[in-house]
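K.L.:
Can you read through this structure? Questions will come right after.
2 protein chains.
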Amino acid sequence: MRAYDMDRVRGLPLFSDIAPDTFRVATAGAHLQRFPAGTMLLLEGDPVDFLYVLLDGQVELHGTWNDRETVLAILRPVSTFILAAVVLNADALMSARTLERCEILMVPGDAIRTAMRLDPRFGVAVSRDLAGCYRGLVRTVKNHKLRNSVERLANYLLALRAADNSGSVVRLHHEKRVLASLLGMTPENLSRAFSALQAYGANVQGAIVTLDNVAALEALAKPDPLIDNHAPRGGEIMAEADAEIWSSEWNRAAALTGAQTAAGVKRNA
Amino acid sequence: MRAYDMDRVRGLPLFSDIAPDTFRVATAGAHLQRFPAGTMLLLEGDPVDFLYVLLDGQVELHGTWNDRETVLAILRPVSTFILAAVVLNADALMSARTLERCEILMVPGDAIRTAMRLDPRFGVAVSRDLAGCYRGLVRTVKNHKLRNSVERLANYLLALRAADNSGSVVRLHHEKRVLASLLGMTPENLSRAFSALQAYGANVQGAIVTLDNVAALEALAKPDPLIDNHAPRGGEIMAEADAEIWSSEWNRAAALTGAQTAAGVKRNA
DNA sequence: CTCCTGAATTGATCTGCATCAATTCGGTAG
DNA sequence: CTACCGAATTGATGCAGATCAATTCAGGAG
Chain A
566 MRAYDMDRVR GLPLFSDIAP DTFRVATAGA HLQRFPAGTM LLLEGDPVDF
616 LYVLLDGQVE LHGTWNDRET VLAILRPVST FILAAVVLNA DALMSARTLE
666 RCEILMVPGD AIRTAMRLDP RFGVAVSRDL AGCYRGLVRT VKNHKLRNSV
716 ERLANYLLAL RAADNSGSVV RLHHEKRVLA SLLGMTPENL SRAFSALQAY
766 GANVQGAIVT LDNVAALEAL AKPDPLIDNH APRGGEIMAE ADAEIWSSEW
816 NRAAALTGAQ TAAGVKRNA
Chain B
566 MRAYDMDRVR GLPLFSDIAP DTFRVATAGA HLQRFPAGTM LLLEGDPVDF
616 LYVLLDGQVE LHGTWNDRET VLAILRPVST FILAAVVLNA DALMSARTLE
666 RCEILMVPGD AIRTAMRLDP RFGVAVSRDL AGCYRGLVRT VKNHKLRNSV
716 ERLANYLLAL RAADNSGSVV RLHHEKRVLA SLLGMTPENL SRAFSALQAY
766 GANVQGAIVT LDNVAALEAL AKPDPLIDNH APRGGEIMAE ADAEIWSSEW
816 NRAAALTGAQ TAAGVKRNA
């Protein structure tokens with residue numbers, strides 16, 4: 566494994582704060598692996614033997630039931646996934662599939678669990694990571710239960726904008742049908758939702774979306790810091806309280822709500 | 566605080582495995598408090614200063630946006646809530662409101678975070694707890710995105726049955742309008758969903774539901790261990806992998822999916 | 001270049017669920 | 001007991017989003 570990759574792993578909030586020894590224990594037996602696009606990395610119900618660290622490519626997490634399927638999250642580098650299952654040594658609740666060619670570090674779950682027992686700092690890091698994941702899902706549930714599909718799309722676009730550069734052009738990172746499933750709608754409906762947003766200055770051209778009237782779009786979307794992790798807070802500078810972690814499944818990922826920003830600990834920076 | 570209550574707190578998976586010293590540190594400054602029904606314990610957006618341990622009564626966690634409100638979870642004793650916010654020292658993403666008279670132990674967040682730094686076993690316990698909460702939410706999202714309202718209700722009833730006694734009579738623990746919001750529908754629609762389930766042998770009489778044809782109900786509901794935490798697994802006895810924790814926000818709670826069982830570590834026991 | 005295939009769009013229609021409105025039910029205070 | 005009030009139910013109607021079907025579009029192979 567290249568030193569460059571090792572540094573990237575070390576830089577994750579999950580690992581950045583721990584002792585060198587702990588890091589060695591935690592990543593003992595880890596191996597880098599490459600997968601072609603469309604590979605099933607993990608099937609829901611399977612025992613989870615590894616913590617996955619996505620170093621390159623895109624991975625989709627999805628769930629199925631009764632012949633239906635829904636995308637739960639889309640991950641982009643660098644992020645870890647299925648930490649919760651690893652911590653509990655439990656079966657996966659989600660399937661993982663590569664959307665494109667991927668480079669993934671596979672860290673044995675045993676090593677992670679051992680390291681947690683050794684170094685309280687690592688236990689704290691894992692806890693903080695999982696807490697961030699949990700809160701990401703809370704946001705997702707609120708997003709889905711409180712908003713309709715056009716509102717979800719509008720917020721997704723604003724989140725992308727915030728993550729990218731806050732400019733007036735935004736690039737979609739996934740196929741529209743995948744995005745549709747992520748946002749909880751059909752591809753047909755996503756198309757129509759995009760049309761509906763033309764009235765608010767949003768125009769799609771393939772993967773490129775131009776936002777000509779951000780104010781109008783925001784008036785519709787009403788982004789909320791308690792749902793959309795990128796949304797601005799009211800009030801003054803926040804303290805440590807603001808340091809919510811997006812290291813794992815949601816970091817850099819246009820995750821469930823698509824609301825998560827790229828930065829692990831930015832926000833009001 | 567009564568010794569009896571202290572024992573109940575100590576018995577939570579979050580605390581059961583840690584050293585006495587750690588427990589002392591973690592619960593330093595904790596105080597027991599009583600609240601009448603309908604009290605707002607916490608407003609979303611507020612800083613979270615305490616870990617709450619519900620010892621008696623019922624608490625509802627809900628979220629709001631744009632004048633809409635949705636119930637995210639209903640908690641019953643003994644369970645903790647907003648651990649994630651405490652770990653991150655972050656603002657609450659959900660509001661908490663007592664549904665009835667409640668008795669709650671309020672543990673200062675600082676104490677929790679300090680204890681995590683001291684005792685790796687506590688860090689592990691917190692991680693496991695949060696991992697369980699996270700997985701509960703994954704189940705919830707799958708439940709909502711993959712099932713329609715009648716299917717959700719049917720599974721909710723089967724989950725209640727599994728938690729209670731697996732008999733043919735089940736008691737609803739909450740007002741129907743609260744249950745409706747939890748399941749992501751309107752009260753009117755919940756009524757109609759109950760009517761629809763008459764064809765599957767389910768009859769409601771106030772808070773009492775009789776299930777005369779569990780087989781038919783199951784054929785409709787198709788409970789799945791990867792969504793419904795009570796559902797039977799296929800295959801052989803499970804190992805440690807099976808010990809998913811439902812200590813916190815979901816323990817004994819007819820939580821989001823209503824799928825969580827009463828036992829912390831039962832399942833296949 | 002053309003052809004081919006899957007993605008995306010567009011239109012027509014259907015349906016699950018929400019909404020609005022009107023009773024009915026059930027628990028509580030007097 | 002009766003009166004009252006919020007919860008629950010039931011009915012009528014509307015709408016968001018799913019489904020079905022038909023093009024259109026875009027990318028990759030030959």
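Protein chains in written order, with this note's numbering: chain A, 566 to 834; chain B, 566 to 834.
The beta carbon of each residue, even a glycine, is placed where N, CA and C say it ideally should be.
Which chain B residues sit within Cβ distance under 8 angstroms of A:A796?
P.N.:
Position 231 of the first sequence, counted from the start, is the residue given in the question as residue 796 of chain A. What A:A796 touches in chain B: nothing, since even the nearest Cβ is about 11 angstroms away.
K.L.:
Using only alpha-carbon positions, find the residue among B:L597, B:I669, B:E609 and B:L648 that is nearest to B:Q623.
P.N.:
Locating residue 623 of chain B in the second sequence gives position 58, where the first residue counts as 1. Closest by alpha carbon: B:I669.
K.L.:
Is there at least one Cβ from chain B nearer than 8 angstroms to A:I810's Cβ?
P.N.:
The sequence position of residue 810 of chain A within the first sequence is 245, counting from 1. Annotation note: pLDDT 44 at A:I810 (below 50); position unreliable, no value reported.
K.L.:
Confirm, please, whether the CB-CB distance from B:V590 to B:A655 is below 8 angstroms.
P.N.:
Numbered from its first residue, the second sequence carries residue 655 of chain B at position 90. Numbered from its first residue, the second sequence carries residue 590 of chain B at position 25. Their beta carbons are not under 8 angstroms apart, which means B:A655 does not touch B:V590 by this criterion.
K.L.:
Counting only Cβ pairs nearer than 8 angstroms, list the residues of chain B close to A:S581.
P.N.:
As a first step, residue 581 of chain A is located in the first sequence; it is residue number 16 there, counting from the start. Neighbours of A:S581 on chain B: none; closest Cβ ~16 angstroms, over 8 angstroms.
K.L.:
Grab me the residues of B:E625's own chain with a C-beta within less than 6 angstroms of its C-beta, minus the 5 sequence neighbours each way, in chain order.
P.N.:
Start at 1 with the first residue of the second sequence, and residue 625 of chain B comes out as number 60. Hits under 6 angstroms: V636, I639, R662 and L664.
K.L.:
Does the contact criterion of 3 or more C-beta pairs under 8 angstroms hold for the stretch 569 to 581 of chain A versus the stretch 685 to 701 of chain A?
P.N.:
At 8 angstroms Cβ cutoff, the stretches touch.
K.L.:
Any beta-carbon of chain A closer than 8 angstroms to the one on B:A828?
P.N.:
For this step, residue 828 of chain B is matched to residue 263 along the second sequence. The predicted position of B:A828 is uncertain, since its pLDDT is 31 and thus under 50; a value taken from the coordinates is nonetheless stated next. So, not an interface residue.
K.L.:
In whole angstroms, what separates the C-alpha of B:R641 from that of B:D621?
P.N.:
Taking the first residue of the second sequence as position 1, residue 641 of chain B is located at position 76. Taking the first residue of the second sequence as position 1, residue 621 of chain B is located at position 56. When rounded, the distance between both Cα atoms is 7 angstroms.
K.L.:
Using three-state DSSP, classify A:N708 as helix, strand or coil.
P.N.:
Within the first sequence, residue 708 of chain A is the residue found at index 143, counting from 1. Three-state DSSP puts A:N708 in a helix.
K.L.:
Could you tell me the boundaries of the alpha helix (DSSP H) in which A:R573 lies?
P.N.:
Here the question's residue 573 of chain A lines up with position 8 in the first sequence. Residues A568 to R575.
K.L.:
Within 8 angstroms of any Cβ in chain A, is that where the Cβ of B:Y699 sits?
P.N.:
By one-based count along the second sequence, residue 699 of chain B stands at place 134. Yes, B:Y699 counts as interfacial toward chain A.
K.L.:
What runs of the alpha helix (DSSP H), each 4 residues or longer, lie entirely inside the stretch 728 to 812 of chain B?
P.N.:
With a minimum length of 4 residues, the continuous alpha helix (DSSP H) runs that stay inside the stretch 728 to 812 of chain B are 741 to 747, 752 to 763 and 779 to 786.
K.L.:
If you draw a straight line from the C-alpha of B:T775 to the C-alpha of B:F615, how long is it?
P.N.:
In the second sequence, counting from the first residue as 1, residue 775 of chain B sits at position 210. In the second sequence, counting from the first residue as 1, residue 615 of chain B sits at position 50. Straight-line Cα distance between these residues: approximately 40 angstroms.
K.L.:
If we count the other Cβ atoms within 10 Å of its Cβ and call it buried at 16 or more, is B:R726 buried or exposed?
P.N.:
For the purposes of this step, residue 726 of chain B is taken as the residue at position 161 of the second sequence. B:R726 is buried by the Cβ-count criterion.
K.L.:
Spatial neighbours of A:A796 within its chain, please: CB distance less than 7 angstroms, with the 5 preceding and 5 following residues excluded, ordered by chain position.
P.N.:
Locating residue 796 of chain A in the first sequence gives position 231, where the first residue counts as 1. Cβ within range, chain order: P788, D789 and P790.
K.L.:
Could you pull the start and end residues of the beta strand (DSSP E) that A:A661 belongs to?
P.N.:
Locating residue 661 of chain A in the first sequence gives position 96, where the first residue counts as 1. Segment S660 to T663, the beta strand (DSSP E) holding A:A661.
K.L.:
Start and end of the beta strand (DSSP E) containing A:I639?
P.N.:
Here residue 639 of chain A corresponds to residue number 74 of the first sequence, with the count starting at 1. Segment R633 to L640, the beta strand (DSSP E) holding A:I639.
K.L.:
Between the beta-carbon of B:K710 and the beta-carbon of A:G603, is there less than 8 angstroms?
P.N.:
As a working note, residue 710 of chain B is residue 145 in the second sequence. As a working note, residue 603 of chain A is residue 38 in the first sequence. Contact: no.
K.L.:
On the criterion of 16 or more Cβ atoms from any shown chain inside 10 Å, does A:R704 qualify as buried, or is it exposed?
P.N.:
Translated into the one-based positions of the first sequence, residue 704 of chain A becomes position 139. A:R704 comes out buried.
K.L.:
Would you kindly work out how many angstroms separate the C-alpha atoms of A:I810 and A:L702, rounded to a whole number?
P.N.:
One-based indexing of the first sequence puts residue 810 of chain A at position 245. One-based indexing of the first sequence puts residue 702 of chain A at position 137. Annotation note: pLDDT 44 at A:I810 (below 50); position unreliable, coordinate value reported separately. Taking the straight line from one Cα to the other gives about 13 angstroms.
K.L.:
Taking the beta carbon of B:P585 as the centre, do at least 16 other beta carbons fall within 10 Å, making it buried, or is it exposed?
P.N.:
As a position in the second sequence, residue 585 of chain B is number 20, starting the count at 1. Exposed: under 16 other Cβ atoms inside 10 Å.
K.L.:
Confirm, please, whether the CB-CB distance from A:L658 to B:R700 is below 8 angstroms.
P.N.:
Here the question's residue 700 of chain B lines up with position 135 in the second sequence. Here the question's residue 658 of chain A lines up with position 93 in the first sequence. Yes, Cβ-Cβ distance for B:R700 and A:L658 is below 8 angstroms.
K.L.:
Which complete alpha helix (DSSP H) runs does the stretch 589 to 633 of chain A hold, if anything under 4 residues is left out?
P.N.:
Segments of the alpha helix (DSSP H) lying fully in the stretch 589 to 633 of chain A: there are none.
K.L.:
Hey, does A:G610 have any beta-carbon neighbour from chain B nearer than 8 angstroms?
P.N.:
The residue you call residue 610 of chain A lines up with position 45 of the first sequence. Taking Cβ atoms only, chain B reaches closer than 8 angstroms to A:G610, which makes this a yes.
K.L.:
Could you have a look at A:I677 and say whether DSSP puts it in helix, strand or coil?
P.N.:
In the first sequence, counting from the first residue as 1, residue 677 of chain A sits at position 112. Three-state DSSP puts A:I677 in a helix.
K.L.:
From B:S760 to A:A786, what does the alpha carbon distance come to, in whole angstroms?
P.N.:
Sequence index remark: in the second sequence, residue 760 of chain B carries index 195 (1-based). Sequence index remark: in the first sequence, residue 786 of chain A carries index 221 (1-based). Cα to Cα, B:S760 sits roughly 36 angstroms from A:A786.
K.L.:
When the cut-off is 8 angstroms and only beta carbons count, does A:N713 lie next to chain B?
P.N.:
For the purposes of this step, residue 713 of chain A is identified with residue 148 of the first sequence, where counting begins at 1. Closer than 8 angstroms: no.
K.L.:
Can you find a CB in chain B that lies within less than 8 angstroms of the CB of A:M571?
P.N.:
If you number the first sequence from 1, residue 571 of chain A lands on position 6. Answer no: the Cβ-Cβ gap between A:M571 and chain B never drops below 8 angstroms.
K.L.:
Whole angstroms are fine: how far does the CA of B:T645 sit from the CA of A:L607?
P.N.:
Here residue 607 of chain A refers to the residue found at position 42 of the first sequence. Here residue 645 of chain B refers to the residue found at position 80 of the second sequence. So the alpha carbons of these two residues sit roughly 32 angstroms apart.
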